[in-house]
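Here's the structure we're looking at; comments come further down.
Number of protein chains: 2
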Amino acid sequence: MNGSGQRRTTIKDVAESAGVGVATVSRVLSGGSASAETRERVLAAAARLDYHPSALGRNLRRRRTGGVGLLVPDITDNFYARLADGVLACARSYGEPVTVGVTGDDPERESELIGTLIEQSMDRVIAVPSGDGDAWDPVLRAGVNVVFATRRAEPDVPDVPAVLADDREGARTAVEYLTGLGHRKIAFLARRGQSRRVAAFTAALAALGVPVEDELVVHARASRDSAYAAAAGLLQRRPDVTAVLTGGNILGEAAVLAARELDVRVPRDVSLIMFDDVPWAELCSPPLTVIAQPAQDIGYRAAELVLRQGRRPREVVLPSELVVRASCGPRRPRR
Amino acid sequence: MNGSGQRRTTIKDVAESAGVGVATVSRVLSGGSASAETRERVLAAAARLDYHPSALGRNLRRRRTGGVGLLVPDITDNFYARLADGVLACARSYGEPVTVGVTGDDPERESELIGTLIEQSMDRVIAVPSGDGDAWDPVLRAGVNVVFATRRAEPDVPDVPAVLADDREGARTAVEYLTGLGHRKIAFLARRGQSRRVAAFTAALAALGVPVEDELVVHARASRDSAYAAAAGLLQRRPDVTAVLTGGNILGEAAVLAARELDVRVPRDVSLIMFDDVPWAELCSPPLTVIAQPAQDIGYRAAELVLRQGRRPREVVLPSELVVRASCGPRRPRR
DNA sequence: AAATATGGTGGAATCGTTTCCATGAACGGT
DNA sequence: ACCGTTCATGGAAACGATTCCACCATATTT
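For the record, the sequence lines run as chains A and B. Residue 69 is where the first sequence starts when you use our numbering, and the numbers rise one by one after that. Residue 69 is where the second sequence starts when you use our numbering, and the numbers rise one by one after that.
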């Protein structure tokens with residue numbers, strides 16, 4: 069009775085059992101050239117011994133861990149969950165395992181996780197960067213294949229491809245829709261780091277000739293609490309805003325709750341649009357008008373970029389789409 | 069300019085630079101015994117060369133990959149996302165990477181992923197088992213440290229510890245609450261594989277002397293579509309049910325949508341309770357009464373079990389709690 | 001028929017670590 | 001003074017794969 073003491077069957081066992089050398093076994097198993105007869109003998113022996121090659125040996129020899137690393141701010145956020153799902157779906161079709169890390173949008177934690185990744189010799193990483201781009205220097209120098217998803221680092225890292233949603237277009241249609249309903253005082257509830265979206269928002273306003281007020285873009289940290297505080301603060305401080313655009317679903321959730329708490333009716337008192345369509349947007353009362361983000365596609369494409377060798381585009385931009393539900397109405401002054 | 073051609077600094081480089089043998093470096097770095105002076109020299113050399121040990125070499129030697137594997141049915145489901153978050157939080161404090169796989173509740177995909185895990189020589193796995201327990205035989209024989217989360221396999225694998233929520237208690241309080249409101253025809257919308265919850269549900273009914281009708285427990289597959297079909301079917305087929313309990317948040321979502329579509333008012337026409345509290349439950353209209361599940365804790369505890377050596381309990385049961393909101397009302401016949 | 005290409009094959013080196021074991025120095029007890 | 005312990009130390013052997021290279025037997029060319 070040796071319990072788990074039975075040694076794993078190795079390539080050597082297979083070689084011996086098939087009466088060939090280890091090199092031949094390796095070749096057969098990884099599609100190299102071999103005579104038909106040898107191939108068959110090796111395959112038979114492998115099957116007979118229930119041989120499964122060990123990734124450990126292979127990785128060491130190749131000096132790289134297979135698989136891909138994935139760094140997201142918060143796996144609990146449906147957007148990133150869908151993104152992760154896309155990555156996992158693509159990786160599965162390549163048979164590659166995915167190692168997930170949660171950064172909490174904290175550059176320090178991000179660096180820590182990056183450290184773990186290099187220690188593991190992960191040479192393919194997909195990340196939603198939280199910190200500034202410099203954190204990625206050591207990784208890039210180590211020759212790791214990095215792709216950013218949903219946003220670029222700031223300051224940007226030029227060599228890293230990115231898969232993004234078309235924030236510019238999304239913000240534009242949303243702002244056009246709102247101004248079309250008569251709104252002029254439109255606020256943007258942003259998470260720190262959403263400078264792209266903020267820029268797109270103000271650009272869209274400017275293009276329509278609506279005066280932009282800096283005070284109407286409000287920033288929150290990534291947590292639900294911070295989001296709620298920002299939303300409530302905005303609604304209280306500025307009774308003149310009649311429409312709010314939120315930079316993500318966590319902020320949208322916060323806006324709904326804050327409005328409800330402060331007895332601000334949606335869409336009667338304020339119209340609400342949120343970036344990112346999530347399952348609950350439809351269940352909400354009222355159902356939320358959203359700028360749908362192709363989160364799953366973003367993940368999938370990023371994974372493709374990182375897994376498929378060959379030259380890679382510097383940027384992939386995926387369309388986002390305004391989904392009109394019932395959270396926007398014509399402008400009515402709040403007081 | 070050799071690009072990424074610069075060789076990684078190895079333990080050998082450190083040894084040479086510190087003027088000691090590799091064995092000594094290894095010992096110093098992994099907390100073995102060494103003289104104070106040597107220790108210092110080694111540490112200095114390691115720092116000077118910016119040495120980071122490679123997990124590859126270590127893993128091969130130890131014949132096991134560090135880190136833990138995590139298998140969940142659907143990372144997009146907020147419950148499993150929270151569970152994963154708990155696992156990740158715990159693993160982070162141990163500095164261990166987590167490899168995530170999505171089974172889609174499909175035994176075949178599960179087996180496939182298990183295969184990947186053994187190939188990687190993962191020796192610690194947390195799983196929400198989808199298939200029957202036999203799929204885990206090869207893993208256990210390989211000496212892998214497995215912990216089940218949220219549910220056990222069926223047929224059960226006795227040697228595997230499990231971290232579970234207290235379904236029995238949750239179902240009991242929910243059913244008591246509903247019968248207290250006068251409901252007698254209570255349906256259960258279950259996902260396939262939720263036999264524990266179904267059993268708890270019927271047991272709770274029986275304990276209260278309410279006749280149980282087999283036809284009132286309806287099964288759906290894991291997808292949103294299947295959930296919707298089951299919910300709509302139930303509401304149409306049985307106009308006499310006045311209360312519905314759903315086995316998870318996906319089914320709850322489906323029930324809300326189906327009710328809305330069929331113009332069945334909640335809670336006027338049917339009362340609704342759902343297993344698992346999710347952020348949108350509060351945003352829903354009406355806010356949903358739920359049986360809160362400690363998803364994050366389940367993940368955390370499971371990770372502790374798998375990471376901390378020492379003897380492990382066969383089962384950990386975490387409390388679940390009825391959170392009353394506004395989706396239940398007194399019984400009123402639907403026609 | 002001799003010289004040269006071709007293609008399958010196995011031995012051995014290699015990847016970067018841990019760990020076993022032998023060595024030698026220092027030290028305390030008799 | 002001698003011997004047995006203890007302790008730090010370095011060399012070398014694993015771990016399990018890939019891959020370079022040399023080798024030999026054919027097939028092809030001159």
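The beta-carbon is built from N, C-alpha and C at its ideal position, and this holds for glycine as well. Being a predicted model, the structure only gives us computed values, none of them experimental.
query, result
"Listed by chain order, chain B residues near asparagine 127 of chain A by CB distance under 7 Å", "Leu124"
"Check whether arginine 132 of chain A and serine 189 of chain A have beta carbons under 8 Å apart", "yes"
"Buried or exposed by the 16-neighbour rule on C-beta atoms within 10 Å, applied to arginine 219 of chain A", "buried"
"Cα-Cα separation, valine 481 of chain B to threonine 184 of chain B", "No information on residue 481 of chain B is available, as it lies outside the stretch 69 to 403 that chain B covers here."
"Chain A contacts made by the stretch 146–157 of chain B, where a contact means CB separation under 9 Å", "Asn146, Tyr148, Ala149, Arg150, Ala152, Asp153, Leu156, Ala157"
"Simplified DSSP state of alanine 394 of chain B, which is helix, strand or coil", "coil"
"Short Cβ contact (8 Å threshold) for leucine 284 of chain B with isoleucine 254 of chain B", "yes"
"Exposed unless 16 or more other CB atoms sit within 10 angstroms - verdict on glutamate 46 of chain A", "Residue 46 of chain A lies beyond the residue range present for chain A, which begins at 69 and ends at 403; the question has no answer from this structure."
"Cross-chain neighbours of isoleucine 186 of chain B in chain A, by beta carbon under 8 Å", "His120"
"Boundaries (first-last residue) of the alpha helix (DSSP H) holding isoleucine 186 of chain A", "175–187"
"Cβ neighbours of leucine 156 of chain B in the same chain (closer than 6 Å, five flanking residues each side left out)", "Val166"
"is_contact[cysteine 396 of chain A, chain B] using C-beta, thresh 8 Å", "no"
"Contact under 8 Å by Cβ, alanine 363 of chain A with phenylalanine 147 of chain A", "yes"
"Ordered list of alpha helix (DSSP H) runs contained in the stretch 71–120 of chain A, each at least 4 residues", "79–86, 90–97, 104–116"
"Residues sharing a beta bridge with alanine 258 of chain A, DSSP", "A/His287"
"is_contact[glutamate 383 of chain A, chain B] using C-beta, thresh 8 Å", "no"
"Cβ-Cβ separation, proline 335 of chain B to glycine 397 of chain B (assumed contact under 8 Å), whole Å", "4 Å"
"Cβ pair count under 8 Å reaching 3, the stretch 168–182 of chain B against the stretch 195–214 of chain B", "yes"
"Exposure label - lysine 80 of chain A; buried when at least 16 CB within 10 Å", "exposed"
"Cβ-Cβ separation, serine 395 of chain A to isoleucine 341 of chain A (assumed contact under 8 Å), whole Å", "7 Å"
"Whole-angstrom C-beta distance between arginine 95 of chain B and alanine 102 of chain B, which should lie under 8 Å", "6 Å"
"CB contact below 8 Å: threonine 314 of chain A versus chain B", "no"
"Nearest neighbour of isoleucine 366 of chain A, chosen from A/Ala114, A/Asp153, A/Ala113, A/Arg75 [CA to CA]", "A/Asp153"
"Helix, strand or coil at glycine 169 of chain B according to DSSP, with G and I counted as helix", "strand"
"Cβ-Cβ distance between leucine 356 of chain A and glycine 315 of chain A below 8 Å", "no"
"Glutamate 372 of chain A at chain B interface by Cβ criterion, 8 Å", "no"
"C-beta neighbour in chain A for leucine 351 of chain B, strict 8 Å", "yes"
"Beta carbon proximity, proline 335 of chain B to chain A, threshold 8 Å", "no"
"Segment limits, alpha helix (DSSP H) that includes leucine 273 of chain A", "263–275"
"One or two residues paired with valine 196 of chain A in a DSSP bridge", "BP columns for valine 196 of chain A are empty, so no partner."
"C-alpha gap between proline 229 of chain A and leucine 313 of chain B, whole angstroms", "47 Å"
"Burial state of alanine 408 of chain B (16 or more Cβ within 10 Å)", "For residue 408 of chain B there is no data in the structure shown, the boundaries of chain B being 69 and 403."
"Residues within the stretch 161–176 of chain A neighbouring chain B, beta-carbon criterion of under 8 Å", "Gly163, Pro165, Val166, Thr167, Val168, Gly169, Val170"
"CA-to-CA distance, glutamate 164 of chain B to leucine 373 of chain B, given in whole angstroms", "14 Å"
"CB contact flag (valine 243 of chain B, phenylalanine 269 of chain B, <8 Å)", "yes"
"Any alpha helix (DSSP H) of 4 or more consecutive residues that is wholly inside the stretch 315–402 of chain B", "317–329, 347–351, 363–375"
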